[in-house]
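Student: Mind having a look at this structure? Questions to follow.
Chains as they are written, first to last, in this note's numbering: chain V, 9 to 351; chain U, 320 to 609.
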């Protein structure tokens, strides 16, 4: 295990307490809402704030007793923080210089790294003349130049526009795959986390609420925040065989389990009717439309009732059903579309 | 005391004496009445009060004999002494003032507010009082001067070194305040970034902090130099008025006024020219475009 850390940071109104592990080459994403403590955790790993309690061990060496400048880390900051008075090359050469390399050696190493990130022709440029994507790549090269054992990325793509983001995301993914140390990246964007990370660690209010591979987290969210991120309706109930009781509603699911359970289904799996449908489909309930909004190519209907539900339907269906806020509708979900798992 | 400290919002903010001139009124399409006379008249009087004496200096200047008077040995001597002393004093201020500003801006220690207030005291203290205080401490019988004299045989009062000490004492606050403001305005996260790259605090200061605050340091140094160049009260009190060793330009102007007023005008013109050049240089090169 490359990284093993228990981070406890106590602030007046906030306590961060989490345990992180990362294997060599593994990319761990800290995902969470604003103020959850993601950046605090990253800064604690970097040594920019001190731990109230806990430890940070990288490759068997304790880091928490070292000052930031002694730790074998590389950090990419949210807005990169390239030194404005130095060229791209000298920004990258800064770390090796601090680690005792001669000026010529440091510049050779920096030039090689800039070539790796495809910025050789911008080596002499000052940061203010670089685009956002170029600055991001220089920042990555600068962090890698010191040969870190632990790479820390703080919202690495947040400062980029949508188009650049796509390109830089795949670029970053390639470089992270080449990196043999542990990587911890912080993001509030689920897509960045899913694409870049091998494992997600979801933090809320300073504590881990869920962790697992992106596929696990996306399929089995365990908090409302995660459910919203991955676009699922999520409820907590009590399972009894193939049924889960959520409040007064009884959900039939394809899964069999007993005891406290989560039920999740995508908004697109919800069907809406003006009148009670014929036959008696299971998972049927009456709801009130709370609001209707555009959602991608579809329309997202917010339903109030025994449980709050998002339903995604086509614009044509909205017109056919003549839906509007305040209306009563019938909602149903097929058992095969619901997914139940232990809480 | 601290409230009288000129705050610098950043390298782009107008600095000290040059402040306020940068903001141009925004022209608006709204109908605005005639400016009230109650404001316009005192404003014009105020402007005249500031500009007229300088105009008088230009009008009464003996332009025909200017060059000859400027090249007179005692004028050149005073000019040379002034430039050397002000420059050395500025160097001393840089050497001591920049670390002091760093300490005030970056290290939190008990009594920091008090120290900051103490630093600004020479700014408001009458320079003559400063001279007297220097005499009491660094004079031959002063608290420190006595020891300097007996141990090293160093005497400061009434020497060129004394001029430098007096000028540095009066001018240092300008530098400290300017540099401290620049340090506070500088983004400290650059220093964090440098630390994650393995830079020691000294390296961070030398390779990141100092380059980032350089506009503030230059502006502070220029103000400091200008203040040192014009120093009169503390200099004459602590260093006296000896031609060749302590008679700087301001002292020469004062002295010449009684014997040959035209020489005083010429010397004043030189100091005025220096001030204008500094002001122009500060505004165009360091204050407006960092």
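Every residue, glycine too, gets a C-beta built ideally from N, C-alpha and C. If you're wondering where the values come from, they're calculated on a predicted model, not measured in any experiment.
Can you tell me the Cα-Cα spacing of residue 386/U and residue 579/U, whole angstroms?
Tutor: So the alpha carbons of these two residues sit roughly 16 Å apart.
Student: Opposite residue 12/V in the DSSP bridges: which residues?
Tutor: Its beta-bridge partners are 29/V, 65/V.
Student: Identify whether residue 300/V lies in helix, strand or coil by the three-state DSSP scheme.
Tutor: Strand.
Student: Taking Cβ-Cβ distances shorter than 7 Å, what residues in chain U pair up with residue 154/V?
Tutor: Within chain U, the residues near residue 154/V are 516, 517.
Student: Which ranges does the alpha helix (DSSP H) cover as unbroken runs of at least 4 residues, wholly within the stretch 372-443 of chain U, from first to last along the chain?
Tutor: You should have 385-389, 392-425, 431-443.
Student: Using a Cβ cut-off of 9 Å, which residues of the stretch 519-535 of chain U contact any Cβ in chain V, in chain order?
Tutor: Cβ contacts with chain V: 519, 520, 522, 523, 526, 527, 530, 531, 533.
Student: Terminal residues of the continuous beta strand (DSSP E) containing residue 561/U?
Tutor: Careful: residue 561/U lies outside any beta strand (DSSP E) and carries neither H nor E.
Student: From the DSSP output, read off the bridge partner residues of residue 82/V.
Tutor: Per DSSP, 159/V.
Student: Are three or more beta carbon pairs between the stretch 90-98 of chain V and the stretch 128-140 of chain V nearer than 8 Å?
Tutor: Contact between the stretch 90-98 of chain V and the stretch 128-140 of chain V is present, because at least three Cβ pairs lie under 8 Å.
Student: DSSP on residue 333/U, reduced to helix/strand/coil?
Tutor: Confidence at residue 333/U is low in this model, with a pLDDT of 39, below 50, so the placement of that residue is unreliable and no value is reported for it.
Student: Less than 7 Å between C-beta atoms, sequence neighbours within five positions excluded: which residues of the same chain meet that for residue 532/U?
Tutor: Result list for residue 532/U: 498, 501, 502, 505, in chain order.
Student: If you compare alpha carbons, which of 141/V, 64/V, 225/V, 257/V is closest to residue 29/V?
Tutor: Measuring from the Cα of residue 29/V, the nearest candidate turns out to be 64/V.
Student: Check the Cβ of residue 72/V against every Cβ in chain U and list those closer than 9 Å, keeping chain order.
Tutor: What residue 72/V touches in chain U: nothing, since even the nearest Cβ is about 15 Å away.
Student: By how many angstroms is the C-alpha of residue 212/V removed from the C-alpha of residue 316/V?
Tutor: Between residue 316/V and residue 212/V, the C-alpha separation is close to 22 Å.
Student: Quickly, what does DSSP pair residue 314/V with across the bridge? List them, please.
Tutor: Paired residue(s): none; residue 314/V is not in a bridge.
Student: Can you round the beta-carbon distance between residue 148/V and residue 118/V to whole angstroms, since I take them to be within the 8 Å contact cut?
Tutor: Not really, about 13 Å apart at Cβ, beyond 8 Å.
Student: Where DSSP assigns a beta bridge to residue 340/V, which residues make up the other side?
Tutor: The partner list for residue 340/V (beta bridge, DSSP) reads 279/V, 292/V.
Student: Is residue 326/U helix, strand or coil when you go by DSSP?
Tutor: Only weak support exists for where residue 326/U lies, its pLDDT of 41 falling under 50; the coordinates are left without a value.
Student: What in chain U is Cβ-close to residue 76/V, meaning under 8 Å?
Tutor: Within 8 Å Cβ-Cβ: 511, 514, 515.
Student: Examine the Cβ distances between the stretch 444-463 of chain U and the stretch 397-414 of chain U and report whether three or more of them are shorter than 8 Å.
Tutor: Output reads no: the stretch 397-414 of chain U does not touch the stretch 444-463 of chain U.
Student: Rounded to a whole number of angstroms, what is the C-alpha to C-alpha distance between residue 18/V and residue 24/V?
Tutor: Taking the straight line joining both Cα atoms gives about 6 Å.
Student: Using 9 Å as the limit for Cβ to Cβ distance, is residue 82/V near chain U?
Tutor: At least one chain U Cβ lies under 9 Å of residue 82/V.
Student: Any idea what DSSP makes of residue 250/V, helix, strand or coil?
Tutor: Residue state, collapsed to three classes: strand.
Student: Please report the residue range of the beta strand (DSSP E) in which residue 577/U lies.
Tutor: Run containing residue 577/U: none in the beta strand (DSSP E); it sits in the alpha helix (DSSP H), 568-578.
Student: When you compare only the Cα positions, how much space is there between residue 218/V and residue 300/V?
Tutor: Rounded to whole angstroms, residue 218/V to residue 300/V spans 31 Å at the Cα level.
Student: What does DSSP give as the partner residues of residue 273/V in its beta bridges?
Tutor: Residue 273/V is bridged to 241/V.
Student: So does the stretch 153-168 of chain V actually touch the stretch 78-86 of chain V, counting three or more Cβ pairs closer than 8 Å?
Tutor: Segments in contact, yes.
Student: Quick check on DSSP: helix, strand or coil for residue 461/U?
Tutor: Here residue 461/U sits in coil by DSSP.
Student: Excluding sequence positions up to five away, which residues of its chain have a Cβ less than 7 Å from the Cβ of residue 247/V?
Tutor: Here the set comprises 265, 266, 267, 269, 348.
Student: Under 8 Å by Cβ, that's how I've got residue 240/V and residue 229/V pegged, so tell me the actual separation to the nearest angstrom.
Tutor: Their Cβ separation, rounded to whole angstroms, is 6 Å, which keeps residue 240/V and residue 229/V in contact under 8 Å.
Student: Determine the DSSP secondary structure at residue 88/V, reduced to helix, strand or coil.
Tutor: Correct three-state label for residue 88/V: coil.
Student: Which residue's Cα is closest to the Cα of residue 342/V: 326/V, 321/V, 260/V?
Tutor: If we check each option's Cα against that of residue 342/V, 260/V comes out closest.
Student: Would you check if the stretch 539-553 of chain U and the stretch 422-438 of chain U touch, i.e. whether three or more CB-CB distances between them fall below 8 Å?
Tutor: The answer is no - the stretch 539-553 of chain U does not touch the stretch 422-438 of chain U, with fewer than three Cβ pairs under 8 Å.
Student: Which of the three DSSP states, helix, strand or coil, is assigned to residue 228/V?
Tutor: Looking at residue 228/V - three-state DSSP - the assignment turns out to be coil, as it is neither helix nor strand.
Student: Suppose only complete runs of 4+ residues qualify. What are the alpha helix (DSSP H) ranges in the stretch 464-502 of chain U, listed by chain order?
Tutor: Counting only runs of 4 or more, we get 464-471.
Student: Express the C-alpha separation of residue 306/V and residue 181/V in angstroms, rounding to a whole number.
Tutor: Their Cα atoms are separated by approximately 31 Å.
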